[in-house]
Structures are given as structure tokens and as C-alpha cells.
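For the protein sequence lines, the chains are A and B, in the order given. Sequential numbering from 1 applies to the first sequence in this note's numbering. Sequential numbering from 330 applies to the second sequence in this note's numbering. One structure below.
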Amino acid sequence: MHQATYREALREALREELKRDKSVFLLGEDIAEYAGPYKVTQGLVDEFGHERVRNTPLAECAIAGAALGAALVGMRPVAELMYIDFSLIALDQILNQIAKFRYMTGGGVKVPVVIRTQGGASRSAGLHHSQSLEALYTHIPGLLVVMPSTPYDAKGLLKASIRDDNPVMFIEHKWLYNQSGELPEEEYLIPLGKAEVKRQGSDITAISYSKSLVLTLKAAEMLEQEGISLEVVDLRTLKPIDKNTILDSVKKTGRVMIIHEACLTGGFGAEIAAIVAEEAFDYLDAPIKRVAALDSPIPFNPKLEDYVLPNENSIIKGAFDLMGKKILV
Amino acid sequence: MLDIETDTLKKIYVTMVRIRAFEERAISEYRKGILPGFIHSSIGQEAIPAATCAFLREDDYILTTHRGHGDIIAKGARFDKMFAELFAKETGYCKGRGGSMHIVATDLNILGATAIVGAGIPIASGVALGCKMQNLDRVTVCFLGDGATCTGAFHEGLGMAANFDLPVVFMCENNQYAMSTPQKDYTKLVHLSDRAKAYGFPGINVDGNDPEAVAIVAKNAIDRARTGGGPTFIDAISYRYYGHHMGDPGLSYRTKEEVDEWMINDPIKLFEGRLLDEKTITESEIKQIQDDIASELDQAIKYAIESPEPRVEDALDNIYFIPKQIYGSQ
Numbered sequence: 001m002h003q004a005t006y007r008e009a010l011r012e013a014l015r016e017e018l019k020r021d022k023s024v025f026l027l028g029e030d031i032a033e034y035a036g037p038y039k040v041t042q043g044l045v046d047e048f049g050h051e052r053v054r055n056t057p058l059a060e061c062a063i064a065g066a067a068l069g070a071a072l073v074g075m076r077p078v079a080e081l082m083y084i085d086f087s088l089i090a091l092d093q094i095l096n097q098i099a100k101f102r103y104m105t106g107g108g109v110k111v112p113v114v115i116r117t118q119g120g121a122s123r124s125a126g127l128h129h130s131q132s133l134e135a136l137y138t139h140i141p142g143l144l145v146v147m148p149s150t151p152y153d154a155k156g157l158l159k160a161s162i163r164d165d166n167p168v169m170f171i172e173h174k175w176l177y178n179q180s181g182e183l184p185e186e187e188y189l190i191p192l193g194k195a196e197v198k199r200q201g202s203d204i205t206a207i208s209y210s211k212s213l214v215l216t217l218k219a220a221e222m223l224e225q226e227g228i229s230l231e232v233v234d235l236r237t238l239k240p241i242d243k244n245t246i247l248d249s250v251k252k253t254g255r256v257m258i259i260h261e262a263c264l265t266g267g268f269g270a271e272i273a274a275i276v277a278e279e280a281f282d283y284l285d286a287p288i289k290r291v292a293a294l295d296s297p298i299p300f301n302p303k304l305e306d307y308v309l310p311n312e313n314s315i316i317k318g319a320f321d322l323m324g325k326k327i328l329v
Numbered sequence: 330m331l332d333i334e335t336d337t338l339k340k341i342y343v344t345m346v347r348i349r350a351f352e353e354r355a356i357s358e359y360r361k362g363i364l365p366g367f368i369h370s371s372i373g374q375e376a377i378p379a380a381t382c383a384f385l386r387e388d389d390y391i392l393t394t395h396r397g398h399g400d401i402i403a404k405g406a407r408f409d410k411m412f413a414e415l416f417a418k419e420t421g422y423c424k425g426r427g428g429s430m431h432i433v434a435t436d437l438n439i440l441g442a443t444a445i446v447g448a449g450i451p452i453a454s455g456v457a458l459g460c461k462m463q464n465l466d467r468v469t470v471c472f473l474g475d476g477a478t479c480t481g482a483f484h485e486g487l488g489m490a491a492n493f494d495l496p497v498v499f500m501c502e503n504n505q506y507a508m509s510t511p512q513k514d515y516t517k518l519v520h521l522s523d524r525a526k527a528y529g530f531p532g533i534n535v536d537g538n539d540p541e542a543v544a545i546v547a548k549n550a551i552d553r554a555r556t557g558g559g560p561t562f563i564d565a566i567s568y569r570y571y572g573h574h575m576g577d578p579g580l581s582y583r584t585k586e587e588v589d590e591w592m593i594n595d596p597i598k599l600f601e602g603r604l605l606d607e608k609t610i611t612e613s614e615i616k617q618i619q620d621d622i623a624s625e626l627d628q629a630i631k632y633a634i635e636s637p638e639p640r641v642e643d644a645l646d647n648i649y650f651i652p653k654q655i656y657g658s659q
């Protein structure tokens, strides 16, 4: 085992896959010497050269479109879109072309494209560098959506995404890049579409992913002191969603809290809530609770930014509400 | 100036006639009310794909548009599988999932047809990039309409092709109208080929209704791409006889006189006259070509009509490349 940050774990995944398969290549803005704004691709250009760690023009639509084109002729591109906010410029290519190409051909082609991007708010990045837009991508048939919360998951899921023959939106969180964890020395993959129970508990099923999962685990520790036991489910892959792991946990606890950094309305929590209501309604002892950002753009001012985002306290409050307890502070 | 060989000219002529006949038959079937969806006819524009694809190898790639029947016929698409697709049948090129605007034939390296104007351009750059990275000396031809030159995808796609010296030819089938908007109303440029200057590769203007002229510039551009010279943009001026699609008479933004004048100077008739004058082809050969195509079309329509529709149970197949019980919540 060795210690690695989320950033280093992603880099290990990219390096191993670039080494393993010469059809794998990276393309994106400023990914070579500059190594991207969060330095995930640091050093890879020295090892693999500019052909395979390929700086592109500042043109997100062309990056996504070129990834599709290259995939259609046998390559396995990993395209980096610097911020998920910028992925909107490539939306036609991602939603209309990449997601639909296989279906459109009656199964005549495979589209092994990974789009690595990162979202979420951190330290006043502002309105165009902070959004959580995953729900947009989960809505589109043909795309897979992966959002790891730990270095271990980040590495195993990225390697699996690169080997998958479907287009994958691989959404990282900028706040997670410095988080550290243990990685095994030997190679491993984490299957897409499998959630993981990150903490066993008995009172509430807390379903989350990405940075919010880390906050949920912290809140769970504090809640333990208050006598409330959270079972924490990390979705890891939003699409396809692992219904079984969610429903098994809900049947055990009878209470559901969904936590995400994306704003509430139309967020992915609504989808999870609907699945639980449709498939495990009889097991519920309380209404489903969603903890999410306020329906607001992400403000620049640090106090306002904190105000609109969910945090440990809002998760704790949600748990107390669900248990019918009042917070005595 | 290089000469185009007689055999090649004849081949181009046959392709033009094939495209025209297919489009006419598609229109007549559509008017019977038995084809679902829309038909965007390319009648009038046949010289461009016919003359371009005459210089492509089987392993070269093309990408096309919503008005793409002619382009894919020129690359070798079969009438029966095309009509089966237009009839939304399981035996069509896309198993009835794509339709007229989305035909992909991977066996012919026809990589689609997108109905989002301009979207194929960056994809074409990616196809060319993939070929280049694998040291394949294949050329990609990206057909596009003149309206597409206004999109962001056009500029991003051409910029990337330039930046990486990609083996791609951007062939603009300029029918002079972006749907109903004439060129003078969407750009200050007189020649769309000037747009290529911004990317530092050649932009060439050509009479898209003169097959030999198109052949010469297309051959040069394809050779240039294949030998590492990078991309070329070709603005081939032509005209579509019908409206934007079959529901559009095409006369609210064009005068009857204008349409008539283009039809009098029909590219197939003019080319045919020339080939006859030069004794490259005979009247009886032309008759034979037309008869063969008509009978091929009859069989294709019969095949399409008799083919099964996709089963509704299979509607969710191929959304993902794995069994749907693993991926997808249905």
C-alpha cells in the first residue's frame, strides 16, 4: 500500500492505461507541460510525448467531437474538459453525437470515449468554475456518469472507464484533489455501476457521492455521538445507478437522506428519491429527506458561498429532522 | 492543370445519375405518404459528391449531413439498405433507428450523418486525427452545407484540423441557402473559401455544378491530405432544386425564375451533353445505365417494403455496449 492524493490516484490510472494500451491517448487544453489547472496530468507528457498527451486549441466542442471521431476509428481517447462549466460549450457533441452515435447506427459502432472533467465549489472559484451539473448528463441515454469520492475509487473507476466501450462522463471534484488515501501496489479495477456502503449503520440510509460523501461521513461520526446511526452509501456511479445497494440499505434502515452539492431542484437526489418511493415505499418510516445546495448560482463572496452549499451541519440537521429530534444548540 | 481520365469522368457521370434517380424515387415514395420523417433532397447538387468520392479509396472516410443521400451513394452505399433505412426497417443501414438524416455504413467507412448543422466537422477532424495517430494513410472528407460555416463547430473543427495538420478535406456543398437564408444575409464574405485563410490552409472556390472542375480540386485536396499536406477547404457552389425538405416548396425565399434558371443549366444534362459530344459515352450506354438504375431501385423498394420493422422489444438495444440488465435502470 502507499499513500496517494485523489490527484495522484487519477494520474496513476492514466499512466497505467497509457502504458497498457497504445490506443489510449489524452487530449485537452493545457494538459501537457502545464498539466491542467489541478495538475492531474503532471509529468505524463514527459513519459508519453505530445502525441498521446495532446494539447488542443481552446475549443471544447472540437475536443469532444475529435474524441468521438478518433474513437470511431479505433482510438480510446480520454478528453479533459477543464471545468464542467466549460463542458456546456461541448454539449452538442456530448449529448447529440457521442451519447447517441451507437444507438443511431443500430449498434454498428462502439464509442469508447472518456470525458474527464471536474466540478463543484471551492474557495470562491465563482459562478463559472463551481457548478455541479451531473444531473444534466444522467438525463441522457447513452452516457455513463461516474463521480468518485476517494483516491482508491478515483483510480479504479477511471481505469474501468477507460476500458469501457461506452462514453463515460467522469466527473471529479476540485476540493477532493488534495484528499489522501491508501492505494494498493497491485493493479485493480472498480466495476462501473456498483455503489459501495462506506459506513454501516442502522437508523438512516445516507446516499451521496463525490465531495458530499466525504462531508456525510464526517457528519456520520458526529451523529454517532448523538446516538444516530447513519449507513452511508457512496453511489460512485450515478448512471447506471446501483438500485440494489440503495434499496437493500433502505429496507434495513427505513429512513433515507440524500446529500449532494448540486442545487435541489431537478438534482440527482430527485431521481434517487423517486426510485426509493417507487420501489421501497412500504419500508419507509419517514418522508425522504434531500440535503442539497440552495437553488442559486454559486456566489463569489465566501460567506455567501458557504451559505448556499450543504455542509456537515445541514446533514446533521437533516438527520435530526428525519429522526424527529430537535437539535439542542 | 491535370486532366481527369475518361473512365473517371464516366464513373462520375454514372454516380450523378444514380444520385438523381435515388432522390427522385425517394421523393415519389415520400409523396405517397409511406415514408416516416423528413426527406432533404440533394437534387441539383450531384456533381460535388460524385466528383469528390471518385478519388477516394474504399478505406477513406466520409462524414455527411442531413442532406446526405448523394454523398453516401457516391461512397458506395447500396440502394436497398438505404431505402430500408428510409422505410425505418430492421434491414436498413441503421436498423431503422437512424433514418434519412443519420445513415452510417461502417463497412463503407461512412461515419454518419448528423442532423445538427456543423456537428460533423469536429468529428471529422477526430477521425482524421485517429487515422494519423495510427499511421493510416486514409483521408477523411467532411461534407458540409454552406450554413454550417456560421457555426462554432465549423471554426473549432477547422482550427483543430489546421493545428494538427490533419488529413481531412472540408467539402462545402454550397447550395447558397442556409435553409431559407441566402448567403448575403448570413455573411459579409463573397467567397466562403476565404474562411480557410483564418486557419492558414488553402480555401478553394469552385463551380460545384461542373464535375470536372470539382474533380480537379477534390483530387488535389485528397492527394495533399494523403501525403501529409494537411487540410483543405473547398467551397463548391451549387443549387438545390427543391426546398429545404419536401414540406418546403422553396419559393418563399427564392424566385421561380431563379430556380428555373438553375434547372435549365442542369449539371447532369450539361455533363451528359459534353460526354456525348466527346464520344466518351453513347446514347445507348446512357439508356442502359438508366435502365439498370431503375431496375436496381425497383428491387431496392421491394426489398425495403418487404423487410421487417424492428421489434418494439428491441427498442432499448444498443443504447449501451453491454446488456441492458447491467447498465440502465429499465
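Glycine is no exception: its CB is placed at the ideal position from the N, C-alpha and C atoms.
For my contact list, proline 496(B) and alanine 547(B) are in at a C-beta cut-off of 8 Å; report their separation, rounded to the angstrom.
Working through the second sequence from its first residue, we reach residue 496(B) at position 167. Working through the second sequence from its first residue, we reach residue 547(B) at position 218. Actually they are not in contact, since the Cβ atoms of proline 496(B) and alanine 547(B) sit about 14 Å apart, beyond 8 Å.
When you measure from the CB of proline 297(A) to every non-hydrogen atom of the ligand ADP, does any distance come out below 6 Å?
The ligand ADP is absent from the structure shown, which contains no ligand whatsoever.
Does the distance from the CB of leucine 364(B) to the CB of leucine 415(B) come in under 7 Å?
Taking the second sequence and counting its residues from 1, one reaches residue 364(B) at position 35. Taking the second sequence and counting its residues from 1, one reaches residue 415(B) at position 86. Yes, the pair counts as a contact, with Cβ atoms nearer than the cut-off.
For aspartate 92(A), return the contacting residues in chain B, with the cut-off set at a CB-CB distance below 8 Å.
Here residue 92(A) refers to the residue found at position 92 of the first sequence. In chain order: Ile445, Ala448 and Ala482.
What is the rounded straight-line gap between the Cα of proline 451(B) and the Cα of glutamine 225(A)?
Your numbering for residue 451(B) matches position 122 in the second sequence. Your numbering for residue 225(A) matches position 225 in the first sequence. When rounded, the distance between both Cα atoms is 56 Å.
Beta strand (DSSP E) containing glutamate 80(A): first to last residue?
The residue you call residue 80(A) lines up with position 80 of the first sequence. Run containing glutamate 80(A): 76-81, per the beta strand (DSSP E) assignment.
So which residues on chain B does proline 148(A) lean against when the C-beta distance must stay under 7 Å?
What you label residue 148(A) is simply residue 148 of the first sequence in a count that begins at 1. What proline 148(A) touches in chain B: nothing, since even the nearest Cβ is about 18 Å away.
Can you check the segment 35-87 of chain A for any alpha helix (DSSP H) of at least 4 residues that lies completely inside it and give the ranges in chain order?
Here the runs fully enclosed are 44-52 and 60-72.
My output table needs one value for isoleucine 655(B): the three-state DSSP class, helix, strand or coil.
One-based indexing of the second sequence puts residue 655(B) at position 326. For isoleucine 655(B), the predicted structure reports a pLDDT of 48, less than 50, and the residue's modelled location is therefore unreliable. A value from the coordinates is still provided. Isoleucine 655(B): coil per DSSP, three-state reduction.
Taking 8 Å as the cut-off, does the segment 118-131 of chain A touch the segment 173-187 of chain A (at least 3 CB pairs, one atom from each stretch)?
Yes: at least three Cβ pairs fall under 8 Å.
For arginine 236(A), which option in Gly201(A), Leu215(A), Thr150(A) and Val256(A) has the closest C-alpha, if you only look at C-alpha atoms?
Here residue 236(A) corresponds to residue number 236 of the first sequence, with the count starting at 1. The residue with the shortest Cα to Cα distance from arginine 236(A) is Thr150(A).
Could you tell me the distance, in whole angstroms, from the CA atom of glutamine 200(A) to the CA atom of arginine 407(B)?
As a working mapping, residue 200(A) is identified with position 200 in the first sequence. As a working mapping, residue 407(B) is identified with position 78 in the second sequence. Going from the Cα of glutamine 200(A) to the Cα of arginine 407(B) covers about 60 Å.
When DSSP labels each residue in this structure, what does proline 287(A) get in the three-state scheme?
One-based indexing of the first sequence puts residue 287(A) at position 287. Proline 287(A): coil per DSSP, three-state reduction.
What is the DSSP secondary structure of histidine 260(A), counted as helix, strand or coil?
Position 260 of the first sequence holds residue 260(A). Of the three classes helix, strand and coil, the one that applies to histidine 260(A) here is strand, per DSSP.
Specify, as a first and last residue, the run of the alpha helix (DSSP H) that phenylalanine 25(A) falls within.
Taking the first residue of the first sequence as 1, we reach residue 25(A) at position 25. Per DSSP, phenylalanine 25(A) belongs to no alpha helix (DSSP H); it is in the beta strand (DSSP E), 24-28.
On the criterion of 16 or more Cβ atoms from any shown chain inside 10 Å, does valine 543(B) qualify as buried, or is it exposed?
Residue numbering aside, residue 543(B) sits at position 214 when the second sequence is read from its first letter. Classification for valine 543(B): buried.
Between serine 161(A) and the rest of its own chain, which residues show a CB-CB distance below 7 Å, the 5 nearest in sequence each way excluded?
The residue labelled residue 161(A) in the question sits at position 161 within the first sequence. Val114, Val146, Val168, Phe170 and Leu192.
Rounded to whole angstroms, how far is the Cβ of isoleucine 316(A) from the Cβ of threonine 253(A), which I believe are closer than 8 Å?
As a working mapping, residue 316(A) is identified with position 316 in the first sequence. As a working mapping, residue 253(A) is identified with position 253 in the first sequence. Not a contact, Cβ separation roughly 17 Å.
So, methionine 500(B) versus isoleucine 402(B), is the Cβ gap smaller than 7 Å?
Within the second sequence, numbered from 1, the residue matching residue 500(B) stands at position 171. Within the second sequence, numbered from 1, the residue matching residue 402(B) stands at position 73. The answer is no: Cβ separation not under 7 Å.
Please list, in chain order, all residues of the same chain as alanine 70(A) whose beta carbon is under 6 Å from its beta carbon, the five residues on each side excluded.
Looking up residue 70(A) in the first sequence gives position 70. Counting only Cβ-Cβ distances below 6 Å, and skipping sequence neighbours, we find Pro77.
For serine 613(B), which of helix, strand or coil comes out of DSSP?
The residue you call residue 613(B) lines up with position 284 of the second sequence. Of the three classes helix, strand and coil, the one that applies to serine 613(B) here is helix, per DSSP.
Going by Cα to Cα distance, which pick from Ala453(B), His431(B) and Gly397(B) is closest to glutamine 374(B)?
In the second sequence, counting from the first residue as 1, residue 374(B) sits at position 45. Out of Ala453(B), His431(B) and Gly397(B), Gly397(B) has the C-alpha closest to the C-alpha of glutamine 374(B).
Could you spell out the range, first to last residue, of the beta strand (DSSP E) harbouring phenylalanine 170(A)?
On the first sequence, residue 170(A) is found 170 positions in, with the first residue counted as 1. Its beta strand (DSSP E) spans residues 168-173.
Three or more C-beta pairs closer than 8 Å, one from the segment 251-266 of chain A and one from the segment 129-144 of chain A: is that the case here?
As far as the Cβ criterion goes, the segment 251-266 of chain A touches the segment 129-144 of chain A, which means the pair count is three or higher.
If we count the other Cβ atoms within 10 Å of its Cβ and call it buried at 16 or more, is histidine 484(B) buried or exposed?
Taking the second sequence and counting its residues from 1, the one referred to as residue 484(B) is at position 155. Flag for histidine 484(B) reads buried.
Out of curiosity, what's the CA-to-CA distance linking phenylalanine 650(B) and alanine 219(A)?
Indexing the second sequence from 1 puts residue 650(B) at position 321. Indexing the first sequence from 1 puts residue 219(A) at position 219. If you take the alpha carbons of phenylalanine 650(B) and alanine 219(A), they lie about 39 Å apart.
Taking just the CA atoms, how far does phenylalanine 281(A) sit from glutamine 654(B)?
Within the second sequence, residue 654(B) is the residue found at index 325, counting from 1. Within the first sequence, residue 281(A) is the residue found at index 281, counting from 1. Its pLDDT being 44, under 50, glutamine 654(B) is placed unreliably by the model, and the measurement read from it follows with that caveat. If you take the alpha carbons of glutamine 654(B) and phenylalanine 281(A), they lie about 23 Å apart.
Have a look at Asp475(B), Met508(B), Ile545(B) and Asp539(B) and flag the residue whose alpha-carbon is nearest the alpha-carbon of serine 522(B).
The residue you call residue 522(B) lines up with position 193 of the second sequence. Closest option to serine 522(B), Cα to Cα, is Asp475(B).
In this structure, does DSSP put cysteine 471(B) in helix, strand or coil?
For the purposes of this step, residue 471(B) is identified with residue 142 of the second sequence, where counting begins at 1. Three-state DSSP puts cysteine 471(B) in a strand.
Report yes if the CB atom of asparagine 503(B) is closer than 7 Å to the CB atom of isoleucine 566(B), and no otherwise.
To locate residue 503(B), count along the second sequence from 1; it is residue 174. To locate residue 566(B), count along the second sequence from 1; it is residue 237. Taking 7 Å as the Cβ cut-off, asparagine 503(B) and isoleucine 566(B) qualify as a contacting pair.
Skipping 5 residues on each side, what residues in its chain have a beta carbon closer than 8 Å to that of tyrosine 103(A)?
The residue given as residue 103(A) occupies position 103 in the first sequence. These residues qualify, in order along the chain: Pro141 and Gly142.
Quick check on tyrosine 209(A): does DSSP put it in helix, strand or coil?
In the first sequence, residue 209(A) corresponds to position 209, counting from 1. In this structure, tyrosine 209(A) counts as coil in the three-state DSSP scheme.
Is glycine 657(B) close to chain A? Criterion is C-beta to C-beta, closer than 7 Å.
As a working note, residue 657(B) is residue 328 in the second sequence. Summary for glycine 657(B): the model assigns pLDDT 41, below 50, so the residue's position carries little reliability, and this model does not support an answer.
What residues of chain B sit near threonine 56(A), judged by a beta carbon separation below 7 Å?
Mapped onto the first sequence, residue 56(A) falls at position 56. Going along chain B in sequence order, the residues near threonine 56(A) (Cβ under 7 Å) are Met489.
Compare the C-alpha of histidine 369(B) against each of Val346(B), Ala442(B) and Arg347(B) and name the closest.
Along the second sequence, one-based indexing puts residue 369(B) at 40. Answer by Cα proximity: Ala442(B).
I believe leucine 604(B) touches lysine 339(B) by the beta-carbon criterion, under 8 Å. Please report the beta-carbon distance rounded to the nearest angstrom.
Numbered from 1 along the second sequence, position 275 holds the residue referred to as residue 604(B). Numbered from 1 along the second sequence, position 10 holds the residue referred to as residue 339(B). Correct: roughly 7 Å between the Cβ atoms.
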